[in-house]
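*Asks:* Under the UniProt record's numbering, the residue at position 144 of the sequence shown is numbered 144, and the numbers go up by one with no gaps.
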Amino acid sequence: VEENDISHDLDEVDFPTKFRGYDPFEVDGMLERARREILDLRSRARTADDRAQSAEEQLDVELTAARQAHGEANAVLATAKEEADREVTDARAEAERLVAASETEIREAIESGRNQLLGELAELESRRDKTRSSIELAELQMAAHRDRLLSAIEDLRSLIGGLTVVSLPTTLEMPAGPDSKPSTFGGDDPGESSTTGVGPVGVVHHIEPLLPVVETGNSGDPGDTIAELPRLTEETGDDTVVFETFFSEEGGDRSGTGGP
């Protein structure tokens, strides 16, 4: 039905007049009222349609915005999820790297400490061996000195037992010079012979030397110096008295006996 059909008909209707019918003025008034009501209703309907269309358009806009916001939210959530996953992956990788670095550092520290302990142990063992060698060397030196002293004591005993006393003339002829005067050893009596009195002299003809003794140098290594004990000699007339000393070069006194 077109919007002006009924209203146009109501406006243009012309009823024929008959006797004993409705009052035409009342009928016309009623029709006019109906026409105005219909026009008003149609106007409201158009307004409602416009509002509904505007609401639909607004709803479409809002739905589009909501859909866009939903898409953006989904994109943001996806980005956040990807970022979180990446952060978790990076943190896990960093933690694994730190753990590996810590394990490597710990292993290196343990290995370094082990090597240091092994080095110190080797040094201590070397010092122990050197100390042991020094002790053994000192024991050998002490044994050598002891043997040397015992041998020297035996040689001294043999020396004492092998001394020989030689009787010499009680007087020795002294050559007289042209101006020499007779003299005596005991007094000034000119009647005595011009000789000088000399008492008996004891001479040791010979003493066997001691065996060589191993001496140590500054390094403490035996074999640095091999030397015989020094000899002391003293001339007595035509005989030579030879003595061996057993004193060490560091602290012993060098002494000998000989002569009258």
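Backbone N, C-alpha and C define an ideal beta-carbon position, used for all residues, glycine too.
Would you tell me roughly how many angstroms separate the C-alpha atoms of Ala100 and Lys130, rounded to the nearest one?
*Replies:* Those two C-alpha atoms are separated by around 44 Å.
*Asks:* So for Gly29, helix, strand or coil by DSSP?
*Replies:* Reduced to three states, the DSSP call for Gly29 is helix.
*Asks:* DSSP three-state label for Asp23, please.
*Replies:* Of the three classes helix, strand and coil, the one that applies to Asp23 here is coil, per DSSP.
*Asks:* Note down the Cα distance separating Glu125 from Asp155, rounded to an integer number of angstroms.
*Replies:* Roughly 44 Å between the two C-alpha positions.
*Asks:* Pick helix, strand or coil for Gly113, following the three-state DSSP scheme.
*Replies:* Correct three-state label for Gly113: helix.
*Asks:* For Asp28 and Leu41, I'd like the C-alpha separation in whole angstroms.
*Replies:* Distance between the alpha carbons of Asp28 and Leu41: 20 Å.
*Asks:* Less than 8 Å between C-beta atoms, sequence neighbours within five positions excluded: which residues of the same chain meet that for Arg127?
*Replies:* Within the same chain, Arg127 has no close Cβ partners at all.
*Asks:* Please classify Ala122 as buried or exposed, where buried requires at least 16 other C-beta atoms within 10 Å of its C-beta.
*Replies:* That one is exposed.
*Asks:* Glu12 to Ala48, Cα distance in whole Å?
*Replies:* Each residue's alpha carbon lies about 28 Å from the other.
*Asks:* Count the other CB atoms, across all protein chains shown, that sit within 10 Å of the CB of Ala152; report buried if there are 16 or more and exposed otherwise.
*Replies:* Per the 10 Å Cβ criterion, buried.
*Asks:* Rounded to whole angstroms, what is the Cα-Cα separation between Ala52 and Ser43?
*Replies:* Those two C-alpha atoms are separated by around 14 Å.
*Asks:* Roughly how many whole angstroms lie between the Cα atoms of Leu63 and Ala75?
*Replies:* Whole-angstrom Cα-Cα distance: 18 Å.
*Asks:* Using three-state DSSP, classify Gly71 as helix, strand or coil.
*Replies:* Helix, per DSSP.
*Asks:* With H, G and I counted as helix, E and B as strand and the rest as coil, what does DSSP make of Gly162?
*Replies:* Of the three classes helix, strand and coil, the one that applies to Gly162 here is coil, per DSSP.
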